[in-house]
């Protein structure tokens, strides 16, 4: 049932008018190959039409690879990404992830967010200390002491649009951003947070200027590695 | 000696041994055993290759799911078909099936219990597969990892869920029969015809369906893919995707790598290349190309006329040209010349000026990469514009592309763009 030649056929210019035209010069680089991503994730058009798209430059390689593959396979549901990546092999996805992980791009200025003093205090408490009684870990425990991520699987949290972060928290709370992922650490944590806490954290993060560096892989505690083991297990290349 | 035949004979022998039960039959001699194991292995290997060509996995695997465990949803006007698990798992797959059961499904379109199957399973094409090939595919399927996966039943709408109707349908539209080589044609041509008509089941998509879901139009004459918002172009028309005028090498290149100087595979066909055609042996790819190239030109289907270039139309095209300059020219060139094999030329591009324009609209809306294949592992891609441009803007730029650099075709409307947003694939 699944066949259709969508032949973008072309040559033989009608009347031969353009026959002499030289083809467009295409550099044989990853940057050229990654042009389709830039429409939404690029520097100039970062906001797209609805100010939603997250930055991907400089995020950890393993994290990006997991996201790319989960988009392609429908585990992380986002139709535009699934359509874009259908029929791309794991190997090429890994190359894409490595490219963006190594890409250095200036960060956007922080968002202007109005928060009350109480909200700021609440956010800082959760980010730096968590809530031990409710088994909520501090954000910095996994996402790096400067919130710039931990190699190679945990993303940084700074320089991301507020609406994007809110949407991810919503998805985690409603049954998980990643389908069929166990254990699903972020989903469990998001479900423990109240809407007020989520809003305070997201607003605080979006308002921070980006500075600092990603943490090395060995900084992640054994306990948290266990709690989020699925992100490591799923990163294997499949033949 | 013909290996396949030998394999078939040995399988029958094996069957006889099984039937005779544990008491009879003396243990076979060691040498025969080794030879048999080698042959069984060879047949399974061949079965794995043939299963690729038939792209069983394509439908019998859900997105991101276990291979062959089924669960993929095929939506059609008759309801949603959910493909079954064909791994050898006994309770949920086809672990209890015999070669004979499998042959009945492939050749006659009947399930193990004798129920007629819905032609969403393309037995109307698979019936042309030889018994030998069917047995080899079955042997392969019996070796894949058994997966315990219960898939929900298909949801078939009234009145199509009324079984006797299916029997009537079969009586009218389905004639079982293995492919018969055409005398007077070369062995290569016949091999190609067998692959295209049988295993490849190309006609399942590349033909117009009548309201009862049967391939009613001209064979390989193109048609809207049922339940998918893509148009499968005619393989018999030089205005669409016919390849009569193409060099053989270029047809082979397109089929096996997904790109060529004048064509790029996208949508459902990119999936077919990725999962099936890129695995074609050199000989089979050549045979397929020879057959496709030989297809006689069909009568062109009626299409919507290009607009008269009055002032209003010219204004629209001018607006479209500005959008083109901003978003498209960088890759496709100021004169639509593109970079053949990388960024498709748009001037003189059949897919761009095709009627209906749905494929081109979808390419602009969703972008995408051609399949990454052994022959083209790191393809260049097209950005999605659904997030960047509005329906009206996409309509303007496509109308321009369809009427620039010598192209002439009907204008695209915002309503057509909106309608093309539907559909997963």
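Residue numbers (our numbering), protein chains in the order written: chain A, 240 to 478; chain B, 715 to 1139. Ideal placement from N, C-alpha and C gives every residue a C-beta, glycine not left out.
Sequence-distant residues of its chain with Cβ nearer than 7 Å to residue i (five each side left out)
| i | result |
| --- | --- |
| residue 1077 (chain B) | 980, 1096 |
| residue 229 (chain A) | Here chain A comprises residues numbered 240 to 478, so residue 229 (chain A) is not present and cannot be evaluated. |
| residue 857 (chain B) | 758 |
| residue 320 (chain A) | 310 |
| residue 359 (chain A) | 443 |
| residue 315 (chain A) | 306, 309, 416, 417 |
| residue 1031 (chain B) | 1113, 1114, 1117 |
| residue 779 (chain B) | 785 |
| residue 1133 (chain B) | none |
| residue 1017 (chain B) | 1069 |
| residue 325 (chain A) | 311 |
6 Å CB neighbourhood of residue i in its chain, flanking five on each side removed
| i | result |
| --- | --- |
| residue 776 (chain B) | 785, 786 |
| residue 853 (chain B) | 757, 758, 761 |
| residue 349 (chain A) | 446, 447, 448 |
| residue 1123 (chain B) | 1020, 1067, 1116 |
| residue 907 (chain B) | 1005 |
| residue 368 (chain A) | 377 |
| residue 837 (chain B) | 823 |
| residue 802 (chain B) | 809, 856, 860 |
| residue 452 (chain A) | 387 |
Per-residue DSSP class, three states only, for residue i
| i | result |
| --- | --- |
| residue 832 (chain B) | coil |
| residue 872 (chain B) | coil |
| residue 298 (chain A) | coil |
| residue 1030 (chain B) | helix |
| residue 1038 (chain B) | helix |
| residue 826 (chain B) | coil |
| residue 971 (chain B) | helix |
| residue 1052 (chain B) | coil |
| residue 1142 (chain B) | An answer regarding residue 1142 (chain B) cannot be provided, because it is not within the stretch 715 to 1139 covered by chain B. |
| residue 354 (chain A) | coil |
| residue 777 (chain B) | coil |
| residue 992 (chain B) | helix |
| residue 792 (chain B) | coil |
| residue 461 (chain A) | helix |
| residue 446 (chain A) | coil |
| residue 955 (chain B) | coil |
| residue 978 (chain B) | strand |
| residue 318 (chain A) | helix |
| residue 948 (chain B) | coil |
| residue 267 (chain A) | coil |
| residue 938 (chain B) | strand |
| residue 330 (chain A) | helix |
Residues of its chain near residue i, where Cβ-Cβ distance is below 8 Å and the 5 sequence neighbours each way are ignored
| i | result |
| --- | --- |
| residue 344 (chain A) | 282, 294, 296, 297 |
| residue 419 (chain A) | 314 |
| residue 732 (chain B) | In this predicted model, residue 732 (chain B) has a pLDDT of only 32, less than 50, meaning its place in the structure is not dependable; the value taken from the coordinates is given anyway. None. |
| residue 1099 (chain B) | 1041, 1078, 1079, 1081, 1108 |
| residue 993 (chain B) | 763, 766, 767 |
- prompt: If we count Cβ pairs, one from each stretch, closer than 8 Å, do we get three or more for the region 956-972 of chain B versus the region 1078-1096 of chain B?
  reply: Contact holds: three or more Cβ-Cβ distances are below 8 Å.
task: Name, going along the chain, the residues of the region 1080-1105 of chain B whose beta-carbon falls closer than 9 Å to a beta-carbon of chain A.
output: The residues in question are 1080, 1081, 1082, 1083, 1084, 1085, 1086, 1087, 1091, 1092, 1093, 1094, 1095, 1096, 1097, 1098, 1099, 1100, 1101, 1102, 1103, 1104.
- prompt: Counting Cβ pairs closer than 8 Å, one from the region 986-1004 of chain B and one from the region 1060-1079 of chain B, do we hit at least three?
  reply: The region 986-1004 of chain B vs the region 1060-1079 of chain B: no contact.
- request: Decide yes or no for the touch test of the region 832-852 of chain B against the region 812-821 of chain B: beta carbon pairs closer than 8 Å, at least 3 of them.
  value: Touching, per the Cβ criterion.
field: Interfacial residues, the region 290-305 of chain A to chain B, with Cβ spacing under 7 Å
entry: Of all residues in the region 290-305 of chain A, none has a Cβ within less than 7 Å of some Cβ in chain B.
message: Does the region 384-398 of chain A come into contact with the region 302-318 of chain A, if we say contact requires no fewer than three beta-carbon pairs (one atom in each stretch) closer than 8 Å?
response: Short answer: they touch.
- prompt: Going along the region 892-917 of chain B in order, which residues come within less than 9 Å of chain A, judged by CB to CB distance?
  reply: Of all residues in the region 892-917 of chain B, 914, 915, 916, 917 have a Cβ within less than 9 Å of some Cβ in chain A.
- request: Identify every run of the alpha helix (DSSP H) within the region 376-422 of chain A, keeping only runs that are complete inside it and at least 4 residues long; order them along the chain.
  value: The region 376-422 of chain A contains these whole alpha helix (DSSP H) runs: 378-382, 401-412.
message: Give me the subset of the region 847-877 of chain B whose CB atoms are less than 8 Å from a CB atom of chain A, sorted by chain position.
response: So nothing in the stretch comes that close.
task: Give, in chain order, every unbroken run of the alpha helix (DSSP H) that is at least 4 residues long and sits entirely within the region 1052-1130 of chain B.
output: Within the region 1052-1130 of chain B, the complete alpha helix (DSSP H) runs of at least 4 residues are 1064-1067, 1072-1080, 1105-1115.
field: Near-chain B residues of the region 307-318 of chain A (beta-carbon distance less than 7 Å), N- to C-terminal order
entry: Hits within the stretch, in order: 312, 313, 314.
field: Residues, ordered as in the chain, of the region 1049-1063 of chain B that lie near chain A by beta-carbon distance below 8 Å
entry: When C-beta distances to chain A are compared with 8 Å, the residues of the region 1049-1063 of chain B below that value are 1049, 1050, 1051, 1052, 1053, 1054, 1056, 1057, 1058, 1059, 1060, 1061, 1062, 1063, in chain order.
message: To be precise: take each residue of the region 974-1004 of chain B, compare its Cβ to all Cβ atoms of chain A, and keep it if any distance is under 7 Å. Which residues remain?
response: Those residues of the region 974-1004 of chain B that come within reach of chain A (Cβ to Cβ, closer than 7 Å) are 975, 976, 977, 978, 979, 980, 981, 982, 983, 984, 985, 986, 988.
query: Do the region 940-957 of chain B and the region 1009-1017 of chain B make contact, defined as three or more Cβ pairs closer than 8 Å?
result: Under the Cβ criterion (8 Å, minimum of three pairs), the region 940-957 of chain B counts as touching the region 1009-1017 of chain B.
query: Do the region 932-939 of chain B and the region 983-993 of chain B touch if we need at least three Cβ pairs shorter than 8 Å?
result: The region 932-939 of chain B, when compared against the region 983-993 of chain B, does not touch it at the 8 Å Cβ threshold.
- request: Take every Cβ of the region 867-885 of chain B, pair it with every Cβ of the region 787-794 of chain B, and state whether three or more of those distances are shorter than 8 Å.
  value: The region 787-794 of chain B and the region 867-885 of chain B touch, with three or more beta-carbon pairs separated by less than 8 Å.
- prompt: Got a sec: which bits of the region 323-340 of chain A sit with their beta carbon under 8 Å from any beta carbon on chain B, in order along the chain?
  reply: Taking 8 Å as the Cβ-Cβ cut-off against chain B, the residues of the region 323-340 of chain A that qualify are 323, 324, 325, 326, 327, 328, 330, 331, 334.
Residues from the region 259-272 of chain A in contact with chain B, defined by Cβ distance under 7 Å: Residues passing the 7 Å Cβ filter: 260, 262, 263, 265, 271, 272.
query: Looking at chain B, which residues of the region 340-368 of chain A have a Cβ within less than 9 Å of any of its Cβ atoms?
result: Within the region 340-368 of chain A, no residue has a Cβ that lies closer than 9 Å to any Cβ of chain B.
field: Inter-stretch contact at 8 Å, needing at least 3 Cβ pairs: the region 401-416 of chain A / the region 333-342 of chain A
entry: Verdict: no, contact absent.
field: the region 1044-1060 of chain B / the region 918-928 of chain B touching (three or more Cβ pairs under 8 Å)
entry: Flag = no, the region 1044-1060 of chain B and the region 918-928 of chain B do not touch.
- request: Could you please tell me which residues of the region 742-774 of chain B, in chain order, have their CB closer than 8 Å to any CB of chain A?
  value: Listed by position, the residues of the region 742-774 of chain B near chain A (Cβ gap below 8 Å) are 769, 772, 773.
- request: Could I get the ranges of all uninterrupted alpha helix (DSSP H) runs contained in the region 992-1021 of chain B, with 4 residues as the minimum, in chain order?
  value: Residue ranges of uninterrupted alpha helix (DSSP H) with 4 or more members, entirely inside the region 992-1021 of chain B and ordered along the chain, are 996-1008.
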